[in-house]
Amino acid sequence: MIMDPALKFAVLLILFGFVNASPTNNDFGRCEGIVKKWALSSLDQEVKGDKHTLQDLLFFLHVPRTGGRTYFHCLLKKLYSSSLECPRSYDKLRFDPRKTKCRLLVTHDDYSMMSKLPREKTSVVTILRNPIDRVFSTYEFSVEVAARFLVHPNLTSATQMAGRLRAKTKGVSTLDIWPWKYLVPWMREDLFARRDARMRKGLRDISSNDSYNMEDVVMPLQEFINKQVAWDIVHNGATFQVAGLTNSSYLAESHEVRHCVQKFKILGDYVLQVAKKRLDNMLYVGLTENHRESAKMFGNVVGAQVISQMEASNSSVVSSNTKSEQSSSFSDSEPDINYHQNGTSDQKSSKIASTDHVEASEENMTVGKLMESYEGCISTLRKSQSHRRINSLKRISPANFSKEARLRVPQVVLEQIRSHNNLDLELYKYAQVIFAKQSEHTMEKLVTTERFPGLLNDSYGIMVWKVILLAMSIVLLLFFYLYVNARGRISKVKI
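What follows is the structure, given as structure tokens:
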């Protein structure tokens, strides 16, 4: 029986109507509207200005497991005194945006932090890492920190001791910091559960060639990457962090946008475009894999401008101090509420201020001295980190994470990591292009500086350069005037 074409068309229309009216399609349409609205709003908020110039506040958006801690300790702390750091680092509860004098903010918080900061006066820097390596490193660090608690007889004892230590210490614990405040307790609970299971089974000696697949000792990597916690925090984490959409975001709509993107993969392109635009507008984008070249570029792009700002600031402080000494003694009677709170005496405050001044202007810091100190600092820091890592991993022996062990991970697991981090892979490729352009721009600037030393590095040099340009302009105008007059005389002679 052959169906009449008109009837067939009518049936298809009815079926098409049912498909479009399905809950899935309605949900996609709703999600697309939510994500597009967020993306357009985010792109409209981007500040249009000179991205190559350091502003008053430097916001270091630290993507976890990219080597940002090294930058903080070995570069930024050499450039900024402690008094210039914003009164929080890695702990949202302590952030106080009202401290107007802070110049450096270092945090694992995502880009939504910009909603708390003066956008026009803030420069953003970040570092990105190959997403596959970042997932490995996130897994390894979660296990490493969680394994430190295995010195306790049981999970209850470990949890109680951690709580007591955090209450006593004023510093910020790893357990306070996103994303570790989610990943470490989860992994800690899992480690204790597996240890208890081994004890019940009477398992003593465990041997395996694959440290990433020892289910009797530690959660296998493949299991880790497919857990909901990993989907919420780890996968495409760099893209969501640069876009301002982590589960620690300040944006009310972040959870809904992230949920929609995870449910409908095609919507991830909107998030990716926002993240790319934000990388474009950053003062500096580094790469973990090119850590030496990245550090050198950071010194020349960011470090040089910080040093210049500090020199200018110190000059203005000296000038203002000279003026204040000549004025009435009543002019300094109002206390600085930002720095000297809780009944701190003037004497103690002055000691802190003088210490900070020495730290900030240590031996007239230069880019060369900064990079020289970086080499020594990074060596010491890596030795310390390696020592802690070895001691932690002893508690989950024979599991031992290393570059060699990663090579034994099956391709199917690697393919899953790639698939789960499709946005991060694209963003990383884009960051590589930006890095190459930054490198070229920096080299050109360095060559120019070497050819004309002093003319681009201080206010006097800039003034001299302006005078030279003005003189050249006058000479060109004079030459043009003489040329026109000469042409006029020649034409008169011909007539």
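Take the sequence shown: its letters are residues -21 to -1, 1 to 474, numbered as in mature numbering (1 follows the signal peptide of the UniProt record, and there is no 0). Ideal Cβ placement from N, Cα and C applies to all residues, glycine included. Since we're looking at a predicted model, the values are computed, not measured.
Candidates the options: closest to residue i by CA position
i, options, result
"residue 209", "172, 183, 419 and 159", "159"
"residue 168", "188, 181 and 137", "137"
"residue 354", "52, 250 and 177", "52"
"residue 194", "166, 422, 207 and 220", "166"
"residue 152", "133, 130 and 125", "125"
"residue 122", "388, 371, 396 and 397", "371"
"residue 198", "225, 119 and 109", "119"
"residue 188", "163, 26, 64 and 385", "385"
"residue 21", "256, 55 and 261", "256"
"residue 25", "261, 366 and 174", "261"
"residue 252", "4, 219, 48 and 212", "219"
"residue 345", "279, 81, 132 and 360", "279"
"residue 191", "405, 387 and 449", "387"
"residue 374", "5, 171, 204 and 398", "171"
Residue burial classification, residue i (beta-carbon count within 10 angstroms, cutoff 16)
i, result
"residue 72", "With a pLDDT of 43 at residue 72, under the threshold of 50, the predicted position of this residue should be treated as unreliable, though the coordinate-derived value follows. Under this definition residue 72 is an exposed residue."
"residue 16", "exposed"
"residue -5", "Caution applies to residue -5, whose pLDDT of 48 falls short of 50 and renders its modelled position unreliable; the model cannot decide the point."
"residue 459", "exposed"
"residue 228", "buried"
"residue 382", "exposed"
"residue 455", "exposed"
"residue 44", "buried"
"residue 464", "exposed"
"residue 462", "exposed"
"residue 258", "buried"
"residue 457", "exposed"
"residue 93", "buried"
"residue 400", "buried"
"residue 213", "buried"
"residue 164", "buried"
"residue 365", "exposed"
Test item: CB-CB of residue i and residue j under 7 Å
i, j, result
"residue 34", "residue 101", "yes"
"residue 285", "residue 263", "no"
"residue 403", "residue 217", "yes"
"residue 250", "residue 274", "no"
"residue 59", "residue 40", "no"
"residue 396", "residue 114", "yes"
"residue 57", "residue 352", "yes"
"residue 270", "residue 47", "no"
"residue 240", "residue 247", "yes"
"residue 243", "residue 38", "no"
"residue 421", "residue 276", "yes"
"residue 107", "residue 407", "yes"
"residue 201", "residue 85", "no"
Bounding residues of the beta strand (DSSP E) (the contiguous stretch that carries residue i)
i, result
"residue 106", "101 to 107"
"residue 85", "83 to 86"
"residue 349", "First-last for residue 349: 346 to 372, but that is the alpha helix (DSSP H), not the beta strand (DSSP E)."
"residue 264", "263 to 266"
"residue 386", "Note, residue 386: premise wrong, no beta strand (DSSP E); not H, not E."
"residue 39", "36 to 40"
heavy atom of the ligand ZN below 6 Å from residue i C-beta
i, result
"residue 248", "Ligands displayed in this structure: none; no statement on the ligand ZN is therefore possible."
Residue span of the alpha helix (DSSP H) that contains residue i, given as start and end
i, result
"residue 128", "Note, residue 128: premise wrong, no alpha helix (DSSP H); not H, not E."
"residue 211", "207 to 212"
"residue 391", "390 to 399"
"residue 161", "159 to 180"
"residue 270", "270 to 277"
"residue 475", "Only positions -21 to 474 of the chain appear in this structure, which leaves residue 475 out of reach."
"residue 202", "200 to 204"
"residue 378", "Segment: none, residue 378 is in no alpha helix (DSSP H) and carries neither H nor E."
"residue 478", "Only positions -21 to 474 of the chain appear in the structure, and residue 478 is not among them; the question remains open."
"residue 48", "47 to 50"
"residue 218", "216 to 222"
query = Are the stretch 83 to 99 and the stretch 374 to 388 in contact at 8 Å, needing three or more beta carbon pairs?
reply = Between the stretch 83 to 99 and the stretch 374 to 388 there are fewer than three inter-stretch CB-CB distances shorter than 8 Å, so the stretches are not counted as touching.
ask   = Three or more C-beta pairs closer than 8 Å, one from the stretch 263 to 273 and one from the stretch 405 to 416: is that the case here?
value = In this structure the stretch 263 to 273 lies against the stretch 405 to 416, because at least three pairs of beta carbons, one per stretch, are closer than 8 Å.
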